[in-house]
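Asker: One structure, as structure tokens, below. Some questions next.
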Amino acid sequence: MAEVFYYDYVTIQPWTYFLTASRFGLTYVGLKGDESVSPIFSFYPHRMLVHDPEKLAPYVKQLKEYFAGTRKEFDVPIDISEFGTEFQRKTLQFIQTIPYGFTANYGDIATSLPNATARAVAHAVALNPVLIFIPDHRIILSNNQVGTYRLGQKEKVRLIELEKSHLHGNL
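Here it is in structure tokens:
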């Protein structure tokens, strides 16, 4: 039997986000419209999606607070236990330690992880299923260019600028 992921949507201009959670925590953040084709099922095949706004309410609340500039850290559970390889999970866990409003490059992260290369880190970052909550938008190229992002380069720049604009606000 397929494992159930609960989902809901939240509109925070200019996007409507699609969030899923297992019974253990948040498993995916993407955009409404992409859930029926790829990314969710390319990350987690054979899942049954059940619409349950109540189960997703804590995640929706924290995402809204983040975009309002009143939340600098997420404290809801995240479940990437079935995502990718052990290295990819460790890379994403490390990314969660990068402070709000700051950026690091792929090479910086590679030097912080055993037997890692910038390329392997970049691959793990590109596959991040839990955007924003695992802040891979904070990872940039070594030449200080922003690089690519699943929601597009403009969105990555917007998230970096959002954090910088609220950095010295309500901590």
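Using the numbering used here, the first residue of the sequence shown is number 620, and each one after it goes up by one.
The beta carbon of each residue, even a glycine, is placed where N, CA and C say it ideally should be.
Apart from the five residues on each side of it in sequence, which residues of its chain come closer than 8 Å, Cβ to Cβ, to N747?
Answerer: L711, I714, I753, D755 and R769
Asker: So what does DSSP say about V802, is it helix, strand or coil?
Answerer: Nothing can be reported for residue 802, as the shown portion of the chain is limited to 620 through 790.
Asker: Which term fits K775, buried or exposed, when burial requires 16 or more other beta carbons within 10 angstroms of its beta carbon?
Answerer: When all chains shown are included, K775 counts as buried.
Asker: I need the straight-line Cα distance from E692 to Y663, nearest angstrom please.
Answerer: 26 Å
Asker: Going by DSSP in three states, H742 sits in which element: helix, strand or coil?
Answerer: helix
Asker: Spell out the partners DSSP gives A723 in its beta bridges.
Answerer: Answer by DSSP bridge pairing, in chain order: I758.
Asker: Secondary structure at A640, three-state DSSP: helix, strand or coil?
Answerer: strand
Asker: Is DSSP giving H670 helix, strand or coil here?
Answerer: Looking at H670 - three-state DSSP - the assignment turns out to be strand.
Asker: Ends of the alpha helix (DSSP H) at F662?
Answerer: I659 to F662
Asker: For V695, does the three-state DSSP call read helix, strand or coil?
Answerer: coil
Asker: In whole angstroms, give me the CA-to-CA distance for V740 and I728.
Answerer: Going by the C-alpha atoms only, they are around 7 Å apart.
Asker: How would you write the range of the alpha helix (DSSP H) that F713 sits in, first residue to last?
Answerer: E705 to I714
Asker: Could you give the DSSP three-state label for F624: helix, strand or coil?
Answerer: strand
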